[in-house]
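For reference, the structure is listed below as structure tokens.
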Amino acid sequence: MPKRRCDISVKKKQKSTTKENQQQKKKLFLYSPTKVREALVAIQNGTPVSTASKIYQVPRTTLRHKIRGEAPVTTGHVGRESVLGSRVEAILVDWLLETCRMGFPITKNVLLNSVKKFVETEHLETPFTNNTPGRKWFENFMKRHPALSMKKAEYLSKTRAAVTEQYIRNWFSEVQILLKDNLEVLEDPQRVFNMDETAVYLAPKGGLVIAEKGKPTYDVFTSCDKENITTLFTVNAAGEIAPPLTVFKYERLPQACLTKAPPGWGIGKSENGWMTYTAFYEYFANVFNKYLQDENIKKPIIVFLMDTYHICHTA
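Mapping to UniProt numbering: the sequence shown position 240 is 240, numbers consecutive.
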């Protein structure tokens with residue numbers, strides 16, 4: 001009988017110990033994803049880490065790890081490290097949030113293409129097919145970072161209207177810091193350029209056109225008609241237009257595209273008709289730079305890119 005009592009008492013003690021361990025584990029992660037997100041936002045807005053920790057009941061060390069990118073911006077769930085690692089994902093999150101605040105939210109495809117470009121540039125080994133993350137990775141990425149969410153582009157585009165006077169003043173201050181000893185550039189309108197690109201669809205399918213009644217209407221394709229083209233326009237503050245660049249969707253440019261282009265016009269090609277790093281570089285080095293020399297425009301100059309969407313995410 002004493003042995004049985006001893007066994008019973010030991011079992012009770014072990015059960016109690018297990019229960020205590022479970023309670024201790026539960027105490028580790030009492031904060032919710034919402035609290036973590038709110039704490040990080042507060043810190044970004046100037047609230048000290050210690051103060052945010054007390055207000056939102058999130059440990060200071062946890063907040064510091066997440067701010068430094070040493071831990072994903074989630075609750076403290078322990079698990080296998082993500083493919084790209086917490087530091088890289090933290091950089092991606094910052095990029096997504098910053099571009100959204102600026103009024104240029106990133107789409108899912110742009111994010112996946114950007115990750116592909118990063119993986120190939122850094123020569124990383126990943127389970128991604130063709131180095132491109134799939135649906136599962138994207139869904140898990142969004143779960144790991146609750147500060148992000150999918151919204152309609154029409155709603156996000158309204159953030160452009162939220163630009164404040166202080167934001168604009170800060171932007172001009174950053175430009176002055178960037179120029180440093182070359183502030184005289186801003187005093188010469190010929191040396192201040194703005195670049196912007198636009199897509200033109202040459203053969204839209206299924207659209208309505210004006211045609212002669214009672215006769216069949218056909219879409220006639222020329223050698224240069226390939227779904228869409230992209231044209232980059234460059235204008236300076238003096239109102240002078242530099243030779244534009246047009247990018248066609250071709251592997252090999254037909255001779256007609258070259259011979260029919262206006263004199264001095266830049267012509268490029270890409271797999272999808274969008275702007276690429278290669279096309280942009282060749283235009284800048286061979287067309288735009290020649291224009292500066294021909295017009296005797298003094299260097300250095302400053303160029304503001306209004307839309308780097310396709311330049312940033314295509315190869």
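The C-beta atom is built at its ideal place from N, Cα and C for all residues, glycine as well.
Whole-angstrom distance between residue j and residue i, CA atom to CA atom
{"i": "T61", "j": "S82", "result": "21 Å"}
{"i": "I168", "j": "G239", "result": "23 Å"}
{"i": "E295", "j": "S173", "result": "30 Å"}
{"i": "N286", "j": "T47", "result": "49 Å"}
{"i": "T222", "j": "K269", "result": "At T222 the pLDDT is 44, less than 50, meaning the model places this residue with poor confidence; the figure from the coordinates comes in the next sentence. When rounded, the distance between both Cα atoms is 17 Å."}
{"i": "residue 321", "j": "T231", "result": "Residue 321 is absent from the model: the chain starts at 1 and stops at 315."}
{"i": "V247", "j": "T278", "result": "11 Å"}
{"i": "E184", "j": "N289", "result": "20 Å"}
{"i": "F233", "j": "L63", "result": "45 Å"}
{"i": "T276", "j": "D94", "result": "24 Å"}
Cβ-based neighbour list, residue i, same chain, cut-off 6 Å, excluding 5 preceding and 5 following
{"i": "P133", "result": "L112 and V115"}
{"i": "residue 340", "result": "Shown here, the chain extends from 1 to 315; a query on residue 340 therefore has no answer."}
{"i": "T107", "result": "none"}
{"i": "N131", "result": "K116, V119 and E120"}
Rounded distance between the beta-carbons of residue j and residue i, thought under 8 Å
{"i": "T126", "j": "V119", "result": "6 Å"}
{"i": "P59", "j": "S50", "result": "About 11 Å; that fails the 8 Å criterion."}
{"i": "E89", "j": "F138", "result": "The pair is not a contact, with the Cβ atoms about 12 Å apart (cut-off 8 Å)."}
{"i": "G273", "j": "I229", "result": "6 Å"}
{"i": "Y283", "j": "G266", "result": "5 Å"}
Cβ-based neighbour list, residue i, same chain, cut-off 7 Å, excluding 5 preceding and 5 following
{"i": "L305", "result": "M195"}
{"i": "P189", "result": "N236, A237 and A238"}
{"i": "residue 400", "result": "The chain is shown from 1 up to 315; residue 400 falls before or after that span and cannot be answered."}
{"i": "I297", "result": "Q190 and R191"}
{"i": "Y291", "result": "A242 and P243"}
Contacts around residue i, its chain only, beta-carbon distance under 8 Å, and the 5 residues preceding and following it disregarded
{"i": "G85", "result": "none"}
{"i": "K249", "result": "K226, E227, N228, I229, K269, S270, E271, N272 and G273"}
request  = At 3 residues or longer, and completely inside the UniProt domain "HTH CENPB-type" (76-151): list those beta strand (DSSP E) runs for me, N to C.
outcome  = Correct list: empty.
inquiry  = To test your reading of the DSSP string, which unbroken beta strand (DSSP E) runs of 3 or more residues are found completely within the region 245-312?
reply    = Look at the region 245-312 and you find these whole runs of beta strand (DSSP E), each 3 residues long or longer: 266-270 and 302-305.
key: At least 3 beta-carbon pairs within less than 8 Å: the region 287-302 vs the region 247-263   = Not touching, per the Cβ criterion.
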